[in-house]
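Participant: Have a look at the structure that comes next, please.
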């Protein structure tokens, strides 16, 4: 059966008209694959989602102290917050300031932690106690071909579990569901993995000899744990980082989740910016498009330094995000890997109000895209970083980042512009 959401966004994604002069007439003449109604009818009825001002989130997994002033400020300006299970008091304080804020509790799907001996399992970062499992259910652990337990390389005390074991799934879900009374709206499910040798390159678990079998185990985990968490009143958001490397992977896991988090989105450093290619810009931003179409939330996290060196990456990722942003999506950058503590500095651009989107992003030149808003516009050049600048006429007067009035922008590859309409 055709996935309507997938079919829809294959049409919504911009097409380079230089590749097919009749592309527009071709699209308008087609019906949906499901045969329900002509595309022209859908275009007449469809309205872009209202995203308003920029949505952001905050992660405090390093448990830094938070004063009341920070609580009040962050609760008012964030859509989502992600905390540890033992930070229920902070979750309740944040929601007292902003009842509409959604607060998610961290839980790892794929490991249990030997360093955490808390007897109250609901407060663990995992769903099952290591001490209990190693004493009672060693068959729940992933092992290599020699029978040795597998752990996360670089993360001491993280022991990998057999995600496809239905008894493990059951206990994990029942324990994780207990975070609801602590003050959480949902669960951030970390480490929804794609390849069997993740965290131990070249070493495959004996239980899973292929990528396909490994991914099917995660589908089983998500399908079987979801009813328990949903019944407890918890929303589920999965860390689906690296989905871009696996065609159809994002939507395959998302079928059993309320939202997705891409922890490494579009920018991996100040200079490692993803251009358009098979696993690049369009596939990455489509994560947000597909989730918005399904009424699901998306959190994205680009990585770059906080300063002049990271300015290009900041504008590229923020403009790219604006190309697809909707009411349920949010963006927050990471300036140092795993810097999940105090809130980052708040860029001035976060307070700019571009208004509501007029439509989804559209083609402006080969691998250059734009999106119009009622109060502004964004332009993204998704060509390679070493490619020359492309000049785009804006069709009107806008204020650039320096406050100068411009009617065109010239952007090199992997760069972006966020523009405010001149009043």
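Numbering (the numbering used here), first residue to last: 4 to 426. Note that beta-carbon positions come from the ideal geometry of N, C-alpha and C, so glycine has one too.
Are at least three pairs of beta-carbons, each pair with one atom in the segment 305-325 and one in the segment 406-426, less than 8 Å apart?
Facilitator: Output reads yes: the segment 406-426 touches the segment 305-325.
Participant: Please list, in chain order, all residues of the same chain as residue 394 whose beta carbon is under 6 Å from its beta carbon, the five residues on each side excluded.
Facilitator: Once the five neighbours on either side are set aside, the close Cβ partners of residue 394 are 411 and 413.
Participant: Does the structure place the segment 152-172 close enough to the segment 216-229 that three or more beta carbon pairs sit under 8 Å?
Facilitator: The segment 216-229, when compared against the segment 152-172, does touch it at the 8 Å Cβ threshold.
Participant: Count the other C-beta atoms from every protein chain shown that fall within 10 angstroms of the C-beta of residue 103, then say buried if there are 16 or more, exposed otherwise.
Facilitator: Exposed, because fewer than 16 other Cβ atoms sit within 10 Å of the Cβ of residue 103.
Participant: In terms of residue numbering, what span does the alpha helix (DSSP H) encompassing residue 292 cover?
Facilitator: Unbroken alpha helix (DSSP H) run through residue 292: 284-296.
Participant: How would you write the range of the alpha helix (DSSP H) that residue 271 sits in, first residue to last?
Facilitator: Where residue 271 is concerned, there is no enclosing alpha helix (DSSP H), given that its DSSP letter is neither H nor E.
Participant: Bridge partners of residue 238, per DSSP?
Facilitator: DSSP lists 189 as partners of residue 238.
Participant: Ignoring anything shorter than 3 residues or poking outside the segment 297-361, list the beta strand (DSSP E) runs there in chain order.
Facilitator: The segment 297-361 contains these whole beta strand (DSSP E) runs: 300-303 and 332-334.
Participant: Is the separation between the beta-carbon of residue 172 and that of residue 202 shorter than 8 Å?
Facilitator: In this structure, residue 202 does not lie closer than 8 Å to residue 172 by Cβ.
Participant: Helix or strand or just coil, what does DSSP make of residue 218?
Facilitator: Of the three classes helix, strand and coil, the one that applies to residue 218 here is helix, per DSSP.
Participant: With DSSP as the reference, label residue 142 as helix, strand or coil.
Facilitator: Reduced to three states, the DSSP call for residue 142 is helix.
Participant: Going by beta carbon distance, what residues of the same chain come within less than 7 Å of residue 208, once the five residues before and after it are set aside?
Facilitator: Result list for residue 208: 145, 146, 147, 153 and 199, in chain order.
Participant: Look at the alpha carbon of residue 128 and the alpha carbon of residue 109, and state the distance between them as a whole number of angstroms.
Facilitator: For residue 128 and residue 109, the distance between alpha carbons rounds to 6 Å.
Participant: Got a sec? Which residues, its chain only, sit under 6 Å from residue 336 by beta carbon, not counting five neighbours each side?
Facilitator: Hits under 6 Å: 305.
Participant: Considering only residues of the same chain and omitting the five flanking positions on each side of residue 105, which have a CB-CB separation below 6 Å?
Facilitator: Same-chain partners within the cutoff: 83 and 188.
Participant: Say whether the segment 233-243 touches the segment 172-186, bearing in mind that this needs 3 or more beta-carbon pairs closer than 8 Å, one atom from each stretch.
Facilitator: Because the criterion of three Cβ pairs below 8 Å is met, the segment 233-243 and the segment 172-186 touch.
Participant: Please confirm whether any heavy atom of the ligand PLP lies closer than 7 Å to the CB of residue 270.
Facilitator: The ligand PLP is not among the ligands present in this structure, which contains no ligands whatsoever.
Participant: Is residue 295 closer than 8 Å to residue 332 when the C-beta atoms are compared?
Facilitator: Yes, these two residues count as a Cβ contact at 8 Å.
Participant: Measuring only the C-alpha atoms, how far is residue 117 from residue 297?
Facilitator: Distance between the alpha carbons of residue 117 and residue 297: 38 Å.
Participant: Once the 5 residues before and after residue 458 are set aside, which same chain residues still bring their CB inside 6 Å of it?
Facilitator: What is shown of the chain runs 4 to 426, which leaves residue 458 out entirely.
Participant: Over the uninterrupted beta strand (DSSP E) stretch that includes residue 384, give me the two end residues.
Facilitator: From DSSP, the beta strand (DSSP E) with residue 384 extends over 379-384.
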